[in-house]
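**Student:**
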Amino acid sequence: MTNPIYAPFLTRLKPLLSGDVSLYHIAPTHGPLSTPFAAPVTECLSLYLPASYPSSTYNDNFTNFKRGGEETGKDIIGGITGGWSIEPHEHDSVGKDAKLFAAFIGWPSVQAHMAYRETEEFPSVAKYLRDGPKGVKVCHVEFRKF
Numbered sequence: 079m080t081n082p083i084y085a086p087f088l089t090r091l092k093p094l095l096s097g098d099v100s101l102y103h104i105a106p107t108h109g110p111l112s113t114p115f116a117a118p119v120t121e122c123l124s125l126y127l128p129a130s131y132p133s134s135t136y137n138d139n140f141t142n143f144k145r146g147g148e149e150t151g152k153d154i155i156g157g158i159t160g161g162w163s164i165e166p167h168e169h170d171s172v173g174k175d176a177k178l179f180a181a182f183i184g185w186p187s188v189q190a191h192m193a194y195r196e197t198e199e200f201p202s203v204a205k206y207l208r209d210g211p212k213g214v215k216v217c218h219v220e221f222r223k224f
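Here our numbering is used: the sequence shown runs in plain steps of one and ends on residue 224.
(1) Give the range of the alpha helix (DSSP H) segment to which His191 is assigned.
(2) Check the C-beta distance from Ile154 over to Glu148 and give it rounded, since I have them as a contact under 8 Å.
(3) What are the start and end residues of the beta strand (DSSP E) that includes Thr120?
(4) What are the residues that DSSP puts in a beta bridge with Val219?
(5) What residue from Val216, Tyr102, Pro166 has the CA that sits closest to Asp229's CA?
(6) Using DSSP with H/G/I as helix, E/B as strand and the rest coil, what is Gly147?
(7) Expressed to the nearest angstrom, what Euclidean distance is found between the alpha-carbon atoms of Ala181 and Gly160?
(8) How long is the line joining the alpha carbons of Ile125 and Ser163, rounded to whole angstroms?
(9) Please confirm if the stretch 80 to 97 is in contact with the stretch 130 to 147, defined as three or more CB-CB distances below 8 Å between the two stretches.
Here is the structure:
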């Protein structure tokens, strides 16, 4: 986001971060963002879809992913939530007119997330998340209150 209104905020934020800053706005459609962010570790997913992909189709996919993950992910803290970015995005696999769906999952640790990926249930849940996006970025963040 290149809007100059964010310059003072970014100046204060950058010393607290360990990587580059990428700002965008998310309209949560699957629960409040605050609950996964309160977990010790938050898995942050950026899922890039073609502009022509129907948002309602991916909303249904994500609803199924959320339901399955919350039923089988015994270590998930604060649930799973997500929503569409308000701004358009660009990704190598989609081009300049990509849609971004951002998802957030609370975990006690990165190891707990990795352990869940090895369970029998994971493939049947993850298929919903993977059906649609042409590009994905994933990171884990330890959010802190100041």
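Just so it is clear, CB atoms sit at the ideal spot from N, CA and C, and this is done for glycine as well. For clarity, every value in this text was computed on a predicted model and none was experimentally measured.
**Tutor:** Walking through what the data contain:
(1) Its alpha helix (DSSP H) spans residues 188 to 195.
(2) 6 Å
(3) 119 to 127
(4) Thr120.
(5) Nothing can be reported for residue 229: it is not among the residues displayed for the chain, which extend from 79 to 224.
(6) Helix.
(7) 4 Å
(8) According to the sequence provided, residue 125 is Leu. The question's Ile does not apply to it. Between Leu125 and Ser163, the C-alpha separation is close to 10 Å.
(9) no
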